[in-house]
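Engineer: Take this structure, written in structure tokens, and hold onto it; I'll ask about it next.
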Amino acid sequence: MRIGELAHRTGTTPKAIRLYEARGLMGAVARAGSYRHYGEADVARVLLIRQAQALGFRLAELDGLPHIDTTAGWERMAQLVAQRRAAVAQELARLAALDAQLALLEAELHTCDTLAVPATPLACAAPSALVAPPPPHAPRRSPAPHRHL
187 MRIGELAHRT GTTPKAIRLY EARGLMGAVA RAGSYRHYGE ADVARVLLIR
237 QAQALGFRLA ELDGLPHIDT TAGWERMAQL VAQRRAAVAQ ELARLAALDA
287 QLALLEAELH TCDTLAVPAT PLACAAPSAL VAPPPPHAPR RSPAPHRHL
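Under this note's numbering, the sequence shown has 310 at position 124, and the numbering climbs by one with no breaks.
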């Protein structure tokens, strides 16, 4: 098949396929005269490249990989995927900690709203890892009476 059909079957453009070739991601492409001739293995390669891009890999990360169809190519790709999964796990842990902090702040704000006092650490006294306890000598404010609007 020619480049246009390969592009159509893989949902990409001829320009992108030429870029993959120029970067060495396609391996040696057969030629029939002056035309490139692609096979089913090329379809699979382009789909794999596009899947990697959809998962956040940049072409630069794929550059220099041994040919994808080789054992070394698969092993290197598996290493890249494992590294990306580890980074995602770290980000999930960071986001979970952030979510916990936001939940504490939300509870504190809800307490302040219920007490109808200004949102200050001293006024609400909601247990929160975000707010340090007031110093022992600091005067405490009494809660303001609930106001109806």
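Where is the CB? At the ideal position from N, CA and C, for every residue including glycine.
Note that the coordinates shown come from a computational prediction; the quantities given were computed from them, not determined experimentally.
#1: Put TYR224 into one of helix, strand or coil per three-state DSSP.
#2: HIS289 to LEU248, Cα distance in whole Å?
#3: With 16 other CB atoms within 10 Å as the buried threshold, where does GLU294 fall?
#4: Pair every Cβ in the segment 232-244 with every Cβ in the segment 260-273, then say whether three or more of these pairs are closer than 8 Å.
#5: Quick one: using the 10 Å Cβ neighbour count with 16 as the cut-off for buried, is LEU192 buried or exposed?
#6: Per DSSP, ARG217 forms a beta bridge with which residues?
#7: In chain order, which continuous runs of the beta strand (DSSP E) of length 3 or greater are located wholly inside the segment 260-292?
#8: Measure the alpha-carbon distance for THR297 versus LEU291 and round it to whole angstroms.
#9: For ALA246, does the count of other Cβ atoms within 10 angstroms reach 16, so buried, or fall short, so exposed?
#10: Excluding the 5 residues preceding and the 5 following LEU281 in the sequence, name in chain order all residues of the same chain whose CB lies nearer than 6 Å to its CB.
#11: Alpha carbons only, please: which of GLN276, ALA286, ILE235 is nearest the one belonging to GLY259?
#12: Out of GLY197, ARG188, THR300, which has the shortest C-alpha to C-alpha gap to SER220?
#13: Roughly how many angstroms lie between the CA atoms of THR199 and ASP299, to the nearest whole one?
#14: Note down the Cα distance separating ALA218 from TYR206, rounded to an integer number of angstroms.
Structural biologist: Per the coordinate set shown:
#1: Position 38 of the sequence shown, counted from the start, is the residue given in the question as residue 224. Note: TYR224 maps to coil in three-state DSSP.
#2: Here residue 289 refers to the residue found at position 103 when the sequence shown is read from its first residue. Here residue 248 refers to the residue found at position 62 when the sequence shown is read from its first residue. The amino acid occupying residue 289 in the given sequence is Ala; His does not appear at that position. If you take the alpha carbons of ALA289 and LEU248, they lie about 40 Å apart.
#3: The residue you call residue 294 lines up with position 108 of the sequence shown. GLU294 comes out buried.
#4: yes
#5: On the sequence shown, residue 192 is found 6 positions in, with the first residue counted as 1. So LEU192 counts as buried.
#6: For the purposes of this step, residue 217 is taken as residue 31 along the sequence shown, with counting starting at 1. ARG222.
#7: none
#8: Your numbering for residue 297 matches position 111 in the sequence shown. Your numbering for residue 291 matches position 105 in the sequence shown. About 10 Å.
#9: What you label residue 246 is simply residue 60 of the sequence shown in a count that begins at 1. Exposed, since its Cβ has fewer than 16 Cβ neighbours within 10 Å.
#10: Position 95 of the sequence shown, counting from 1, holds the residue named residue 281. If we look at LEU281 and ignore the five residues flanking it on each side, it has no Cβ neighbours.
#11: Residue mapping note: residue 259 aligns to position 73 of the sequence shown, counting from 1. Selected option, being the one with the closest Cα: ILE235.
#12: Indexing the sequence shown from 1 puts residue 220 at position 34. The residue with the shortest Cα to Cα distance from SER220 is ARG188.
#13: Taking the sequence shown and counting its residues from 1, the one referred to as residue 199 is at position 13. Taking the sequence shown and counting its residues from 1, the one referred to as residue 299 is at position 113. Answer to the nearest angstrom: the Cα atoms are 56 Å apart.
#14: What you label residue 218 is simply residue 32 of the sequence shown in a count that begins at 1. What you label residue 206 is simply residue 20 of the sequence shown in a count that begins at 1. Looking at the two C-alpha atoms, the distance is approximately 19 Å.
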